[in-house]
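Trainee: Let me begin by handing over the structure; questions about it come next.
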Amino acid sequence: MILLPLVMKLIHNKKKSKKISDVWDHFKPVKEGDPNNPRCACNYCGASYVYNPTRNGTSTIRAHLSRCKKFPGKEEDKKQKLLSFTQKEESNSLIVMSWTKEGASQHLAKYIILDELPFRHVEGEGFRQYSHYMNPKFDPPSRITIARDIYNVYLDEKKKLKSVMSRERDWGIWKVFTVTVDNASSNDTALQKLKKKLCEKKGGVVIGGDLLHLRCCYHIINLVVGDGLKDLYLSICSICNAVRYVKSSPARLGKFKDCAKEENIQSKALLSLDVPTRWNSTYLMLEAALKFKKAFNRLEGDMYFTSYFDEPLNGKKIDGPPSELDWDNASVFLKFLKIFYEVTLKFSGSLYSTSNLYFLEICEVKQELNVLSKDSSNLLGNMVASMRRKFDKYWGDPEKMNVVLFLGVVLDPRYKLEYIAICFSMIYEETVAKNLLKSIEKNCLGCLMNIMILRLHHPLQDQ
Numbered sequence: 108m109i110l111l112p113l114v115m116k117l118i119h120n121k122k123k124s125k126k127i128s129d130v131w132d133h134f135k136p137v138k139e140g141d142p143n144n145p146r147c148a149c150n151y152c153g154a155s156y157v158y159n160p161t162r163n164g165t166s167t168i169r170a171h172l173s174r175c176k177k178f179p180g181k182e183e184d185k186k187q188k189l190l191s192f193t194q195k196e197e198s199n200s201l202i203v204m205s206w207t208k209e210g211a212s213q214h215l216a217k218y219i220i221l222d223e224l225p226f227r228h229v230e231g232e233g234f235r236q237y238s239h240y241m242n243p244k245f246d247p248p249s250r251i252t253i254a255r256d257i258y259n260v261y262l263d264e265k266k267k268l269k270s271v272m273s274r275e276r277d278w279g280i281w282k283v284f285t286v287t288v289d290n291a292s293s294n295d296t297a298l299q300k301l302k303k304k305l306c307e308k309k310g311g312v313v314i315g316g317d318l319l320h321l322r323c324c325y326h327i328i329n330l331v332v333g334d335g336l337k338d339l340y341l342s343i344c345s346i347c348n349a350v351r352y353v354k355s356s357p358a359r360l361g362k363f364k365d366c367a368k369e370e371n372i373q374s375k376a377l378l379s380l381d382v383p384t385r386w387n388s389t390y391l392m393l394e395a396a397l398k399f400k401k402a403f404n405r406l407e408g409d410m411y412f413t414s415y416f417d418e419p420l421n422g423k424k425i426d427g428p429p430s431e432l433d434w435d436n437a438s439v440f441l442k443f444l445k446i447f448y449e450v451t452l453k454f455s456g457s458l459y460s461t462s463n464l465y466f467l468e469i470c471e472v473k474q475e476l477n478v479l480s481k482d483s484s485n486l487l488g489n490m491v492a493s494m495r496r497k498f499d500k501y502w503g504d505p506e507k508m509n510v511v512l513f514l515g516v517v518l519d520p521r522y523k524l525e526y527i528a529i530c531f532s533m534i535y536e537e538t539v540a541k542n543l544l545k546s547i548e549k550n551c552l553g554c555l556m557n558i559m560i561l562r563l564h565h566p567l568q569d570q
């Protein structure tokens, strides 16, 4: 009988403290104030309301959530738009914007494309938490859905490109000098059709369209280096996997830094992972990893590091850890790869003219390949041989090269025609060099001179 009042009191307190309505997830009681007239406050804007459990319901405070401007789960009016500043450098004006799930998905697809991120990025826990914080109404898609969205973006851009090519005059395109494309065979057919269409128009091309098709020099360099990378694939993969292990978690990175400190490595360089579609990232990865070679060797004493390479990945053993031979191969290849890395940096310049640099750099690469092909090392000799075959496929025959590459050097007042003659003699046979020089002087320079003279006399006439 003594325990009965205590039990009844516990039951009464339990019922009193229980809040059934989910509205209490967004409100909290106000401790200060009149205890006879308790109040509750909104978690988002701080607005307070009188609330007495015996006299008031939750309809008033629930209605507040629909009016609260800071409530993240509020259903916004789809017709209501927001003002936002443009992100263009040339202007800073206000524009009207509205948020939709379809628009968010489309911009997410463009975000993945522009930053070259993997599809699984959208399934990362950190990205999903960030997206939920920015807008709880947006549910990030799966990697399969984002792949489909990216494909739809590709189809839309393809339609836009076709529309532009079908009405080039509406865009102010009256005459086409050259079109730079990569080395896919489908581009050869596309350029032939484009040339045929442009030749039907008076003055649509220059010199009968002979200069229209220009193969991307940057892409050819990538193909040449790619053939060289094949001979050192296992060595590069071993080092890359070791770098990937270190970069996979803060704890592993901390352990690696301790190894570097014990080896008294003073370099401030940071390890970087390579990107399969960008060979120059492989160069940067090897350059940084070689500086920490002793740290990687010391890390082999860690059982977690060695067991990492014993775990199968997709049914195959992971290459590594890197051996002494792998480090030696990487060191030899890095010195050779630096030449191509510097060439690609010059090709990709945006703050200066590059048209006069292409052929000069091509000659330098050709000369370097010729010198290294005489190297006694079997590894380097085989690698250079495969790279020379790829080089000759695109640039070995001058008939396959666009004359624009030569004209850039000829029109440069620092080099002119005499310097191009020296370059021809360095990379081509004497007969081929002389015939090529005569062809440029007579056909290309002569035609361009005639066009300039005609323009001076008839400035309004299309050529």
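To convert a position in the sequence shown, counted from 1, into this note's numbering, add 107. In this text, a Cβ means the ideal position worked out from N, Cα and C, and glycines have one as well.
Taking Arg250 as the reference, which of Leu224, Met241, Lys266 and Glu264 has the closest Cα?
Mentor: The residue given as residue 250 occupies position 143 in the sequence shown. For the residues Leu224, Met241, Lys266 and Glu264, the minimum Cα distance to Arg250 belongs to Leu224.
Trainee: Taking 8 Å as the cut-off, decide whether the C-beta atoms of Lys177 and Cys152 are in contact.
Mentor: In the sequence shown, residue 177 corresponds to position 70, counting from 1. In the sequence shown, residue 152 corresponds to position 45, counting from 1. In contact: Lys177 and Cys152 (Cβ atoms closer than 8 Å).
Trainee: Can you tell me whether Leu221 is buried or exposed, with buried defined as 16 or more other CB within 10 angstroms of its CB?
Mentor: Within the sequence shown, numbered from 1, the residue matching residue 221 stands at position 114. It counts as exposed.
Trainee: Here's the rule: buried if 16 or more other CB atoms are within 10 angstroms of the residue's CB, otherwise exposed. What is Lys195?
Mentor: Position 88 of the sequence shown, counted from the first residue, corresponds to residue 195. Confidence at Lys195 is low in this model, with a pLDDT of 49, below 50, so the placement of that residue is unreliable and no value is reported for it.
Trainee: Between Ile446 and the rest of its own chain, which residues show a CB-CB distance below 6 Å, the 5 nearest in sequence each way excluded?
Mentor: Here the question's residue 446 lines up with position 339 in the sequence shown. Excluding residues within five positions, the ones whose Cβ falls inside 6 Å are Glu475.
Trainee: Using CA atoms only, rank isn't needed, just tell me which of Val353, Ala358, Phe399 and Cys344 is closest to Lys368.
Mentor: For the purposes of this step, residue 368 is identified with residue 261 of the sequence shown, where counting begins at 1. Comparing C-alpha distances from Lys368 to each of Val353, Ala358, Phe399 and Cys344 shows the shortest one belongs to Phe399.
Trainee: Assuming Leu397 and Val439 form a contact by the criterion Cβ under 8 Å, report the distance between their Cβ atoms to the nearest whole angstrom.
Mentor: The residue given as residue 397 occupies position 290 in the sequence shown. The residue given as residue 439 occupies position 332 in the sequence shown. No, Leu397 and Val439 are not in contact; Cβ-Cβ is about 11 Å, not under 8 Å.
Trainee: Report yes if the C-beta distance between Phe63 and Gly427 is below 8 Å; otherwise report no.
Mentor: In the structure displayed, the chain extends from 108 to 570; residue 63 sits before or after that span and is not available.
Trainee: Leaving out five residues on either side along the sequence, give the residues of the same chain with a beta carbon under 7 Å from the beta carbon of Leu305.
Mentor: Numbered from its first residue, the sequence shown carries residue 305 at position 198. Within the same chain, Leu305 has close Cβ partners Val283, Gly311, Val312 and Gly316.
Trainee: Since Val585 and Ala154 should fall inside the 8 Å C-beta cutoff, what is the C-beta to C-beta distance between them, to a whole number of angstroms?
Mentor: A question about residue 585 goes unanswered here, because the residues of the chain that appear run from 108 up to 570.
Trainee: Since Ala148 sits in a beta bridge, which residues does DSSP pair it with?
Mentor: Within the sequence shown, numbered from 1, the residue matching residue 148 stands at position 41. Paired residue(s): Lys135 and Ser155.
Trainee: Check whether the Cβ of Ile328 lies closer than 7 Å to any heavy atom of the ligand GTP, and answer yes or no.
Mentor: In the structure shown, the ligand GTP is absent, as is every other ligand, since no ligand is present at all.
Trainee: Give me the DSSP bridge partner(s) of Val332.
Mentor: Residue 332 sits at position 225 when you count from the first residue of the sequence shown. None, per the DSSP bridge assignment.
Trainee: In angstroms with no decimal places, state the Cα-to-Cα distance between Asn534 and Cys470.
Mentor: Walking along the sequence shown from the start, residue 534 turns up at place 427. Walking along the sequence shown from the start, residue 470 turns up at place 363. Rather than Asn, the amino acid found at residue 534 in this sequence is Ile. One C-alpha to the other measures close to 7 Å.
Trainee: By how many angstroms is the C-alpha of Leu301 removed from the C-alpha of Asn463?
Mentor: The residue you call residue 463 lines up with position 356 of the sequence shown. The residue you call residue 301 lines up with position 194 of the sequence shown. Distance between the alpha carbons of Asn463 and Leu301 is about 26 Å.
Trainee: I need the DSSP call for Thr287, collapsed to helix, strand or coil.
Mentor: As a first step, residue 287 is located in the sequence shown; it is residue number 180 there, counting from the start. Thr287 falls in the strand class under three-state DSSP.
Trainee: Restricting to Cα atoms, I'd like to know which of Ala540, His133 and Arg359 is closest to Ser173.
Mentor: Here residue 173 is taken as the residue at index 66 of the sequence shown, counted from 1. The option with the nearest alpha carbon to Ser173 is His133.
Trainee: Count the other CB atoms within 10 Å of the CB of Trp281; is the residue buried (16 or more) or exposed (fewer)?
Mentor: Against the sequence shown, residue 281 aligns to sequence position 174. Answer is exposed; the Cβ neighbour count stays below 16.
Trainee: Based on the DSSP output, what are the partners of His320 in its beta bridges?
Mentor: For the purposes of this step, residue 320 is taken as residue 213 along the sequence shown, with counting starting at 1. Val286.
Trainee: Kindly indicate the opening and closing residues of the alpha helix (DSSP H) around Lys545.
Mentor: Reading the sequence shown from its first residue, position 438 is the one you call residue 545. For Lys545, the enclosing alpha helix (DSSP H) covers residues Glu537 to Ser546.
Trainee: Take every Cβ of the region 449 to 460, pair it with every Cβ of the region 325 to 339, and state whether three or more of those distances are shorter than 8 Å.
Mentor: Output reads yes: the region 325 to 339 touches the region 449 to 460.
Trainee: Of the residues Phe498, Lys303 and Arg227, which one's Cα is nearest the Cα of Cys324?
Mentor: As a first step, residue 324 must be located in the sequence shown, where it is residue number 217. Checked all of Phe498, Lys303 and Arg227; the closest Cα to Cys324 is Phe498.
Trainee: Verify the CB distance criterion: does Glu475 have a CB-CB separation below 8 Å to chain D?
Mentor: This model lacks chain D altogether; it includes just one protein chain.
Trainee: What residue does the alpha helix (DSSP H) around Cys175 start on, and which one ends it?
Mentor: The count along the sequence shown starts at 1 and reaches residue 175 at position 68. Cys175 -> no alpha helix (DSSP H), and no H or E assigned at all.
Trainee: Can you give me the C-alpha to C-alpha distance between Tyr258 and Cys347, rounded to a whole angstrom?
Mentor: As a first step, residue 258 must be located in the sequence shown, where it is residue number 151. As a first step, residue 347 must be located in the sequence shown, where it is residue number 240. Going from the Cα of Tyr258 to the Cα of Cys347 covers about 30 Å.
Trainee: Based on the DSSP output, what are the partners of Val439 in its beta bridges?
Mentor: Within the sequence shown, residue 439 is the residue found at index 332, counting from 1. Partner(s): none; Val439 has no beta bridge.
Trainee: Give me, in chain order, the residues of the same chain whose beta-carbon lies closer than 7 Å to that of Ser238; leave out the 5 immediate sequence neighbours on both sides.
Mentor: Locating residue 238 in the sequence shown gives position 131, where the first residue counts as 1. Once the five neighbours on either side are set aside, the close Cβ partners of Ser238 are Phe245 and Pro247.
Trainee: Among the residues of its own chain, which have a CB less than 6 Å from the CB of Leu552, if the five just before and after it don't count?
Mentor: Looking up residue 552 in the sequence shown gives position 445. Excluding residues within five positions, none has a Cβ falling inside 6 Å.
Trainee: Which one or two residues does DSSP pair with Val312 in a beta bridge?
Mentor: Residue 312 sits at position 205 when you count from the first residue of the sequence shown. The partner list for Val312 (beta bridge, DSSP) reads Val283.
Trainee: What do you get for Glu468, buried or exposed, if any count of 16 or more other CB atoms within 10 angstroms of its CB means buried?
Mentor: The residue labelled residue 468 in the question sits at position 361 within the sequence shown. The residue in question, Glu468, is buried, as its Cβ has 16 or more Cβ neighbours within 10 Å.
Trainee: Could you check the C-alpha separation between Val510 and Ile547 for me, to the nearest Å?
Mentor: The residue you call residue 510 lines up with position 403 of the sequence shown. The residue you call residue 547 lines up with position 440 of the sequence shown. Cα to Cα, Val510 sits roughly 7 Å from Ile547.
Trainee: Do Asn489 and Leu339 have their C-beta atoms within less than 8 Å of each other?
Mentor: Taking the first residue of the sequence shown as 1, we reach residue 489 at position 382. Taking the first residue of the sequence shown as 1, we reach residue 339 at position 232. No; because the gap between Cβ atoms is not below 8 Å, this pair is not in contact.
Trainee: How would you call Ala358, buried or exposed, if buried means at least 16 neighbouring beta carbons within 10 angstroms?
Mentor: Translated into positions along the sequence shown, residue 358 becomes position 251. Ala358 is exposed by the Cβ-count criterion.
Trainee: Please state whether the Cβ-Cβ distance between Arg405 and Cys344 is less than 8 Å.
Mentor: Your numbering for residue 405 matches position 298 in the sequence shown. Your numbering for residue 344 matches position 237 in the sequence shown. Not in contact: Arg405 and Cys344 (Cβ atoms no closer than 8 Å).
Trainee: Please report the distance separating the alpha-carbon of Lys541 from that of Ala528.
Mentor: For the purposes of this step, residue 541 is identified with residue 434 of the sequence shown, where counting begins at 1. For the purposes of this step, residue 528 is identified with residue 421 of the sequence shown, where counting begins at 1. Those two C-alpha atoms are separated by around 8 Å.
Trainee: Would you kindly report the start and end of the unbroken alpha helix (DSSP H) that includes Tyr501?
Mentor: As a working note, residue 501 is residue 394 in the sequence shown. Run containing Tyr501: none; DSSP gives neither H nor E here.
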